[in-house]
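Note sheet for the following structure.
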Amino acid sequence: MTFADDSILVFLDTTPSGALAKSAAELLGAAKLVGTPVAVVVGDEKLAADAAALGAVTVLVAAPGEGLSVPAVDALTSAADEVRPDAVLVSHSIEGREVAGRFAARTRSGLAVDAVGVSRDAEGVVAHHSVYGGAYNVDAAVTWGAPVITIRQGSVDARADAVADPTVETLEVRASGRKAATVSSVEQAVVSSTRPELRGAAKVVSGGRGLGSEEKFALVEELADTLGAAVGASRAAVDAGYVPYAYQVGQTGVSVAPQLYVALGISGAIQHKAGMQTAKTIVAINKDADAPIFEIADFGVVGDLFQVVPQLIAALEAKKA
Ligand code: FAD
């Protein structure tokens, strides 16, 4: 089988239920910006049609193997040998990071992590990063071979057109025989919320120490539900016990890059900005006009959030009605 000279190999995560992860659309969109997207999926052949609908010109389907990560890295290694891509794109998800790191180490490739975009110059594919709390934009390129790039979830807007007649091939995977952790039992966590997941959400409403208590943090959730947004928090809010650590946005929490980020009672410390500064539109409500969050906000309201937010919710509800 032959592949385009500008092939970009895209490893697509799958969910525990066997569907393509949400990150697939932006990974293939990013690949299309710099070359011809060739997808690698580990799982069912049916996933090939889903990958093609998101822009994969060729889909290489590998049968699932035993153990965590190693079968995926074996599949990616076999695919890279066959395709000889100009770059390998992987989601910056928990699984994606592990696959990318192991693959780069195994193939002695250069690894660029947590990119927020990709482009191509005369020498190859370049990864774009937002670092030091979004204060600097950095470009990274490798000097040898194809770069392995993990893409921050929600950071790429580009989407590729659906491919009507994709080439689908079963990938012959050479098992490396490397040791892999195995899963002995799986318990499905009961999802008690209909809110979007924080990682990869299109809209996020976050609350900080300014909320004052766990009970009052409910106002953040109320606004989030009105907007159909995920809920996030600052570390101060997490440390104070208003919400669990899983909600923390920032350097030592989750990095998000939503279309809309609403910060309520958050001062905008550099460690918080590190996890949200690449949001497309930032709205801040804070009673301190000098709070650093206003330096990066597109829209800001200086005021008491307990007065402003209920009015905002009422206005949004009225608009919906
Ligand atoms: P504060 O800084 O106390 O700000 C509260 C804000 O609420 C103030 O601006 C105040 O004016 C406003 N406010 C109060 N009442 C009201 C009201 N009624 N209406 C409107 N506004 C009001 N932080 C993170 O968020 N994420 C991280 O991942 C993270 N990692 C860190 C890692 C390290 C190594 C370190 C040292 C720190 C880290 N931090 C992180 C902590 C960070 O430095 C800040 O302490 C934290 O972000 C502050 O949270 P905050 O903005 O909620 O609280």
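Counted the way the working numbering counts, the sequence shown spans residues 1 to 321. Beta carbons are placed, not taken as given, at the ideal position from N, Cα and C, and that holds for glycine.
Coil, strand or helix - Lys273 by DSSP: Translated into positions along the sequence shown, residue 273 becomes position 273. Note: Lys273 maps to helix in three-state DSSP.
Distance, Ala62 Cα to Leu68 Cα: Working through the sequence shown from its first residue, we reach residue 68 at position 68. Working through the sequence shown from its first residue, we reach residue 62 at position 62. Taking the straight line joining both Cα atoms gives about 14 Å.
Neighbourhood of Ala274 by C-beta distance below 8 Å, restricted to the same chain and skipping five residues each side: The residue you call residue 274 lines up with position 274 of the sequence shown. Cβ neighbours of Ala274 within its own chain (closer than 8 Å, five residues either side excluded): Tyr132, Gly133, Gly134, Gly250, Gln251, Ser255.
Minimum C-alpha distance to Ala229 - residue among Pro196, Val57, Gly303: For the purposes of this step, residue 229 is identified with residue 229 of the sequence shown, where counting begins at 1. It is Pro196.
Glu45 versus Thr143 - alpha carbon distance: Working through the sequence shown from its first residue, we reach residue 45 at position 45. Working through the sequence shown from its first residue, we reach residue 143 at position 143. Rounded to the nearest angstrom, the two C-alpha atoms are 36 Å apart.
Whole-number beta carbon distance between Val83 and Leu9, since they are thought to touch under 8 Å: Your numbering for residue 9 matches position 9 in the sequence shown. Your numbering for residue 83 matches position 83 in the sequence shown. Contact between Leu9 and Val83 holds, since their C-beta atoms are separated by about 5 Å, short of 8 Å.
Three-state secondary structure assigned by DSSP to Ala87: Locating residue 87 in the sequence shown gives position 87, where the first residue counts as 1. In the structure shown, Ala87 sits in a strand (DSSP, three-state: E or B).
Range of the contiguous alpha helix (DSSP H) that encloses Asp355: With the chain covering only 1 through 321, there is no way to say anything about residue 355.
contact_flag[the region 136–154, the region 93–104] where n(CB pairs < 8 Å) is 3 or more: Judged by pairs of C-beta atoms under 8 Å, the region 136–154 touches the region 93–104, as three or more such pairs exist.
Complete runs of the alpha helix (DSSP H) confined to the region 32–61 [at least 4 residues]: Entirely contained in the region 32–61, the alpha helix (DSSP H) runs reaching 4 residues are, in chain order, 46–53.
Reduced DSSP category for Ala127 - H, G, I as helix; E, B as strand; rest coil: Stepping through the sequence shown from its first residue, residue 127 is reached at position 127. In this structure, Ala127 counts as strand in the three-state DSSP scheme.
Supposed contact pair Gly29 and Val118 - C-beta distance, whole angstroms, cut 8 Å: As a first step, residue 118 must be located in the sequence shown, where it is residue number 118. As a first step, residue 29 must be located in the sequence shown, where it is residue number 29. Rounded to whole angstroms, the Cβ separation of Val118 and Gly29 is 10 Å, and the two are not in contact under 8 Å.
The region 163–170 in contact with the region 115–129 per 3-pair CB rule at 8 Å: The region 163–170 vs the region 115–129: no contact.
For Ser78, three-class secondary structure by DSSP: On the sequence shown, residue 78 is found 78 positions in, with the first residue counted as 1. Looking at Ser78 - three-state DSSP - the assignment turns out to be helix.
Backbone secondary structure at Gln409 - three-state DSSP: Shown here, the chain extends from 1 to 321; a query on residue 409 therefore has no answer.
Contact under 9 Å by Cβ, Glu295 with Gly265: In the sequence shown, residue 295 corresponds to position 295, counting from 1. In the sequence shown, residue 265 corresponds to position 265, counting from 1. Remark: C-beta atoms of Glu295 and Gly265 do not approach each other more closely than 9 Å.
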